[in-house]
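Numbering follows our numbering, with no gaps: position 661 of the sequence shown is 675.
For glycine and all other residues, C-beta sits at the position ideal for the given N, C-alpha and C.
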Amino acid sequence: MSGSKWKTGLVIMFVVTACFVGAFELISFLKRSHEDKDTNRTAMEISSLSLFSTVNLRTRKCFDRHFARTDNFEVRYKNFDPSRLYLTDTPTLATSFNCRQKPFCDGNATCKTNPKDKTHFKCVCNSGFQGDGFSCKDVDECKRNSSTCSQHAFCINSIGSYDCRCLTGFHGKGYSCEDIDECQSKIHNCGDHAVCDNIVGSYKCSCFDGFVGNGRSCYDINECKTNAHNCSVHASCNNTVGSHECVCLSGFSGDGYVCQDVDECSNRSHLCSPHSRCVNIPGSHRCICNDGYRGNGQSCSDIDECKEGTAQCSFRASCTNTPGSFCCKCIAGYQGDGKNCRDEDECLSLAILASMVMVFRVMMWMSAEGVSMIVMQKLNAGIPGDHTVAPVLKDIMEMEGSVRFLLLDDLTHSLEFFYLALLSLLCYNYFVRDGFSCKDVDECERNPATCSQHALCINSIGSYDCSCLTGFLGNGYSCEDIDECQSKMHGCSDHAVCDNTVGSYQCRCFDGFTGNGRSCYDINECNTNAHNCSVHASCKNTQGSNTCSCQKGFQGDGQTCHNIDECKTNGHVCNVHASCNDTVGSYMCSCLEGFQGDGRSCHDIDECKTNTHACSVHASCNNSVGSYICNCLGGFQGDGRSCHDIDECKTNKHACSVYAFCNNTHGSYMCSCLKGFQGDGRSCHDIDECKTNTHACSVYAFCNNTVGFYMCSCLEGFQGDGRSCQDIDECKTITHTCNVHALCNNTVGSYMCSCLEGFQGDGRSCQDIDECKTNTHTCSVHASCNNTVGSYMCSCLEGFQGDGQSCQDIDECKTNTFDCSVFASCNNTVGSYSCKCHKGFMGDGRSCHDIDECSDGSHLCSPHSRCVNIPGLHRCICNDGYRGNGQSCNDINECKEGMAQCSVKASCTNTPGSFSCKCIAGYQGDGKNCPDKNECSSGQYCARDADCRNTDGSYTCSCKPGFHGDGFSCRDVDECREGIHSCHAKAQCSNTWGSYSCSCSKGYYGNGRQCKASSEGRPYPLMGIFLFGTFIAFLL
């Protein structure tokens, strides 16, 4: 049997049953009435009419059969009001009908019969409604706070009930909501450079160290621009993604955080010329040309002191240039060291030569060879300083007697006085007689003012010389200052200024250069940190100076740089749908709520497509720029996020006809024309049941049409309400033989039996139909069919729920009826569910065991951290000396953070995971304890001819007396040449290593510092012989 036939049979059975009950009640009512027959009929007509407007239309035709035609049928039908149906001596509706007759209870109420008097009833509003039963209004459990929703759910009111929905960030069935761990389930939108931290109902995104932003968009922090790095002042900072690198500048070595100066001079990595010396400076070195050379230190050219006039040779000497120096040689006619040249007395040389000739001739007279040899040795020995041949003759006189006799035998004493007078006449100018010898006059001591005050007086044998001092020009008697600066005779560097002084000049390096003035080198203010640039500016070295340029994001003259607020000056490139936040030297762009992107490019989030809106299920979502709009659907009202059904019937906002019923539906309403009318509900026209033969009047009755109804009047000879005119109703009198499972239908003079729906047979014998076997049931494919007497029952299979005819899958995961492990997730399937262990666990889902990521090597811990397994996951803990989240561990710079325990006299060098301490130069030890190092004890630092003095952390070198230099290089002082000795004027000075010695000249005796003339006289005969021999020699 098809479903439509089953429903039709059920309706017929219900109608027949209602007719029996209605007929019985009407007969009882007529018997109890003591009023006028017309009055009773009028009350019944009104009651019947009122009943027609509320009861099921399928039962109304049964009641209509009890009405008889009367003259006053039109009793207030058009203005029908159920509340005014209480006529005198007429029972109320509550006592006139029982629940089976469908009284005027509200559609959302239940009719309850009085157990003691089944003719009375009571209307009780269903759960979720409130009222008197005749009018029931929906209870808003959400507003009353009477719902049992979870604190993490929101309540949605519905007609007669409510629904609980978990808030965003929670899952469950609404009555019980559990937090969703978005971080573990990977449904967050944190940036790649951010860490996700789960919180109740949501999650939080935090950018990694080295990044800044809102966590969803993280931008690299340029520590170099913001000066947030920890690089050494002698290192350059290079930004990297999420961090930065420090690289020591040229001339420094280290890890970038601690940079130590490289001593290029010691490790011989310099490029200095072989003719220069290397001087180490922080971050670099300087090459200074040696004395006698000129250049930039890397290339040194010999200075030709002779050409440039810087040689200190005497003007009576010739100058010869040598590599790095010069040589002075007295010209012919002068003698000396080249710097001091004295006049040579050629006359005296001739006298000595004549004396030697005379002696030679005398020697020819000698017959003894031994005597000749002795005389020659004496003559060759000569005694400088005595300007007579008397000493030679004296030695001759001291010879053996035989020899002396040969020489003097023919001489007489008669010429003694003549020779004495001649001797006195032979003393040269500028000599004075000292007994029998001529003594030089020192004109410089007698009258030093003869020379210019800017000249040097040099005594010579028998004369003196005036020589202008270096830096002066003239003949020695008149000396004028030489302006070396104006005459371009100075040796100042091109980067120095020349200042003339009396007798000399001074060289001063320009600002921005350093050196001795003769060699000037550019100072790199940027490397030496001697510039005055702002910390937010870049320094560029120039020749003799430097320039400062503010870094990007700053403005100023470079020495003073102010942060540019790009947000205020509108100098940013943030999107119009983003907020601009100024930072030091830059800015950050963050998309506004309702937009997504990196801040520079922001795209509208379509909350409607992504289903991230909060619109009601009964509202439409319309995306707008940066937001969305919720509009309640037709038939609903509210703000779009909460939409409630509009009861158009109660609010009279429907368009139903006055001859139609208005039935409210969820979100709309339905109009149904009243019985007796036809149309679409909004327009209803009276049906002339009599003409269209759609009335229910008996064939033995007369039909009269009325507005919306009709009346049936039985013909004479029949009784009834006009709709049913029977002579004898076997069915009512229960004189039929129909089966208890059959329906009895009265006919004219007889009756018919028809089996009820669910049974089959001829009506007098009815057998139950097994719809389950015949597959004529309407059970769901997910339900089991159980046959019952006259019908069947549908029961949803396990894993499904419903009325059997419609079975929906039970989501065991939402209803919490699953038996998955607490460490597993539940996935609903059709009619069942599956369990899957969470990440970090393994098993069949109902039993899940923790995975030890630390043991199987599947962890993401940094090589500088240790892995600690915990249920479902693991933790990464950075090792000592490192800091971070475990997956990324950065070395802790103990040196910078002050955690190292190095000595104050040691340098701290950071190492991966630790640090090292090294005593600075001048100290020794393990770095934690650094006592002073005694450099003098090793004797390796100072020059051989210098004294070493130890100081705290260093030492000093000073040349010993007799030497000069810086202590590291000591040169012997030639006291004799520089005239700083204390020898007597009649003594000779001989330079020694570190000192000098003095020896008295011939004819003097003493210690050299004090010399006295010898007191031994010379005999007159010897002088005469000498003079006579000289005279004879000239004659020959």
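Opening and closing residue of the alpha helix (DSSP H) in which residue i lies
i     : result
T747  : E744 to T747
D870  : E867 to D870
C1052 : Shown here, the chain extends from 15 to 1050; a query on residue 1052 therefore has no answer.
K850  : Unbroken run through K850 is the beta strand (DSSP E), S846 to C851; no alpha helix (DSSP H).
C827  : E826 to T829
R158  : E155 to R158
T624  : E621 to T624
T162  : Per DSSP, T162 belongs to no alpha helix (DSSP H) and is neither H nor E.
T583  : E580 to T583
Run of the beta strand (DSSP E) containing residue i, from where it starts to where it stops
i     : result
T240  : First-last for T240: E237 to T240, but that is the alpha helix (DSSP H), not the beta strand (DSSP E).
C127  : The residue asked about is misnamed: residue 127 is Thr in this sequence, not Cys. Run containing T127: A123 to T127, per the beta strand (DSSP E) assignment.
C1062 : As shown, the chain starts at 15 and ends at 1050. That puts residue 1062 outside it, with no answer to give.
R897  : Y896 to G898
R522  : S518 to C523
E192  : C191 to D193
K136  : F135 to C139
Cβ-Cβ distance between residue i and residue j below 7 Å
i    : j     : result
E990 : C1012 : It is worth fixing the name first, because residue 990 is Cys in this sequence and not Glu. No, these two residues do not count as a Cβ contact at 7 Å.
C933 : K942  : no
D817 : N801  : no
P296 : D275  : yes
K919 : C944  : yes
C180 : C197  : no
N354 : S328  : yes
C260 : A249  : yes
H888 : H873  : yes
G981 : C956  : yes
S264 : S287  : no
C622 : N637  : yes
Sequence-distant residues of the same chain with beta carbon closer than 6 Å to residue i, five excluded per side
i    : result
T561 : K554
E88  : For E88, the pLDDT reaches just 29, beneath the cut-off of 50, and the residue's location in the model is therefore unreliable, leaving the point undetermined.
D612 : S231
G775 : C769 and Q781
T22  : none
G309 : C303 and S315
K136 : K126
Of the residues the options, the one placed nearest residue i, counting alpha carbons only
i    : options                    : result
N543 : G526, G531, S533 and S231  : G526
C581 : Q565, Y601 and G572        : Y601
N489 : C499, M503 and H468        : H468
I345 : G857, S339 and T334        : T334
G900 : S879, D894, G350 and C711  : S879
C676 : C663, F716 and S641        : C663
P877 : G1008, C827, N893 and F832 : N893
G976 : R958, C840, T831 and S861  : R958
F28  : E771, A325, T254 and S339  : E771
V713 : I865, C728 and S287        : C728
H258 : T240, F266 and S264        : T240
M475 : D456, C219 and T464        : For the sequence presented, residue 475 should be read as Ile rather than Met. Residue D456 is the option with its Cα nearest to I475.
F732 : V762, G722 and S290        : V762
F524 : A510, G517 and T515        : A510
S563 : G585, T583, Q557 and C540  : C540
Close Cβ partners of residue i (< 7 Å) along its chain, the five nearest in sequence each way excluded
i    : result
S768 : A756, L757, N759 and G777
I173 : D152, D659 and H680
Y806 : E785, C786, H791, C799 and N800
N546 : Q573
K947 : G936, Y937 and Q938
C875 : C881, C890, G900 and Q901
Neighbourhood of residue i by C-beta, 8 Å cutoff - its chain only, sequence neighbours within 5 removed
i    : result
C178 : S161, T162, C163, S164, A167, F168, C169, I170, K187, G188 and Y189
D95  : Only weak support is given to the placement of D95: the predicted model assigns it a pLDDT of 39, under 50, and the question is left unresolved by the model.
S630 : I170, C644, C646, F650, G652, G654, R655, S656 and C657
Q819 : T792, C793, S794, A797 and C808
A633 : C644, N645, C646, L647, F650, G652, G654, R655 and C657
*If we count Cβ pairs, one from each stretch, closer than 8 Å, do we get three or more for the stretch 319 to 335 versus the stretch 530 to 542?*
no
_Segment contact flag, the stretch 254 to 272 with the stretch 280 to 287, C-beta cutoff 8 Å, min 3 pairs_ = no
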